Structures are given as structure tokens and as C-alpha cells.
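In our numbering, the protein residues as written are 14 to 237.
Ideal Cβ positions, reconstructed from N, Cα and C, are used throughout, including at glycine.
No experiment lies behind these values; they were computed from the predicted model shown.
To start, the structure itself, in C-alpha cells.
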């Protein structure tokens, strides 16, 4: 079975896709067949004569294994909204069991899989399910992307608590300097190092045009 992880964030817009693509590049140094998965994506752009999610496109570019869209992005919703609203507008019911089946088929072809969640950990997928339910169903170790900006300490600690409450392992976290004007960013990182009870896998500098290939990760030994 493939090595795999689930990437979540302290919020939307904190760099989950950048970090997921960076993880794929890092894993490709140790595994031949690496692939990204975006189970649920909301919002599309033109791509290859059709449409696709920008996040899925970025993950495909960082993958070494090409797979059908039904496997790496089984739920693609047109409107860039919270998934439960986008799904309702599209007349789609997000089926967690079906997503798990797509993941299992994907993992059967790959040596390493990086699954990127939508939004934050508890983003709604329907009136009764959230991204946390999907993460729990996949039962993968979780990587938390912390967007370094005011309020991130509370968001990071709450998310870590929610991850563990689902019986999941917080395998590590990534500090992403999304706000170049943030005061005391280093002190915030130090605070989280002492309290998240998981290794800091990478620090992502603020860049006008981030390049996932340049990110440096300290991968857990079992992922190499």
C-alpha cells in the first residue's frame, strides 16, 4: 500500500496546494510513482479543452503518475464556494464512501499519495458531513498547514485538537508565511513548536510567486 497523508489547513487560502505540491516533489526523491489527490474541488478554470480545478492542475504538475480525473479529483464543482453550497447548486451529493474508493484505487497504483483537503478541517461537505468526516474515513496521517498571520495560534491549536479528536495522527505541520507584514512570526512558530506535539516539516518563506519545487521538507523517516 502506498505511503499517504492528508493535508489540511488552519483556513482556506493558507497554502495547502503549494505545500501539497512541495510534498509531492519531496516524496518523488524517494518514491518513483507519486500522485496528488484533490477529492473535492470548488471552482474551475479552462484546461486541456475542458475545465479543471486550479488545485488539481497544480497537483498533477507535481505528480510523477498520471491518472484519470475520476481518481485524483472525483468531485469537481463549478462554483468557487464552500463545498456544501457549491454541491447543492450543482445538484451533487458528495459521497464520502465513493471518494474513499477513488483514493484506494489511486493508492493501488502509486508509491506515495498526497491528499489535499478543501478549506479548513471542518469545512462543510453537506448539511451533515464535513472535511473532518472525509479525513476520518480515509484514516491517513494529517499534515497541518499553518498560515502565519494574526489569529493563527488559535486556529492551529484548535485544528490539531480536532484532528486528534477524530482519532487521527498529526504527522507534522508546515509554517507558511502568508503575511509578510506579520509581527513576531518567529515567536509564533516557536510557540507552536512547543505546543502542537508534532514535528515542523517545513517553513515556507513569503514569495510573490511561490515555487513548490523550491520548498525544503524534513520528511518523517517512514515516508522516505
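Can you round the beta-carbon distance between residue i and residue j to whole angstroms, since I take them to be within the 8 angstroms contact cut?
i: residue 253; j: residue 58; result: Absent from the structure is residue 253, since the part of the chain shown begins at 14 and ends at 237.
i: residue 37; j: residue 76; result: 6 angstroms
i: residue 217; j: residue 194; result: The pair is not a contact, with the Cβ atoms about 16 angstroms apart (cut-off 8 angstroms).
i: residue 183; j: residue 35; result: Not quite, the Cβ-Cβ distance comes to about 18 angstroms (not below 8 angstroms), so this is no contact.
i: residue 87; j: residue 120; result: The Cβ separation is near 14 angstroms, so there is no contact.
For residue i, does the three-state DSSP call read helix, strand or coil?
i: residue 86; result: coil
i: residue 27; result: coil
i: residue 248; result: Any answer about residue 248 is impossible in this case: the structure gives the chain only from 14 up to 237.
i: residue 141; result: coil
Note down the Cα distance separating residue i from residue j, rounded to an integer number of angstroms.
i: residue 32; j: residue 197; result: 22 angstroms
i: residue 46; j: residue 124; result: 5 angstroms
i: residue 105; j: residue 17; result: 27 angstroms
i: residue 148; j: residue 226; result: 26 angstroms
Take the Cβ of residue i as the centre, count every other Cβ of all protein chains shown within 10 Å, and call the residue buried at 16 or more, exposed below.
i: residue 180; result: exposed
i: residue 14; result: exposed
i: residue 199; result: exposed
i: residue 141; result: exposed
i: residue 97; result: buried
i: residue 25; result: exposed
At what residues does the beta strand (DSSP E) containing residue i begin and finish?
i: residue 129; result: 125-133
Does the Cβ of residue i lie closer than 8 angstroms to at least one heavy atom of the ligand NAP?
i: residue 198; result: As far as ligands go, the structure on display features none, and thus does not contain the ligand NAP.
Span of the alpha helix (DSSP H) holding residue i?
i: residue 229; result: Counting along the chain, residue 229 falls outside any alpha helix (DSSP H), and DSSP gives it neither H nor E.
i: residue 21; result: Taken as a continuous stretch (DSSP letters only), residue 21 belongs to no alpha helix (DSSP H), being part of the beta strand (DSSP E) at 16-22.
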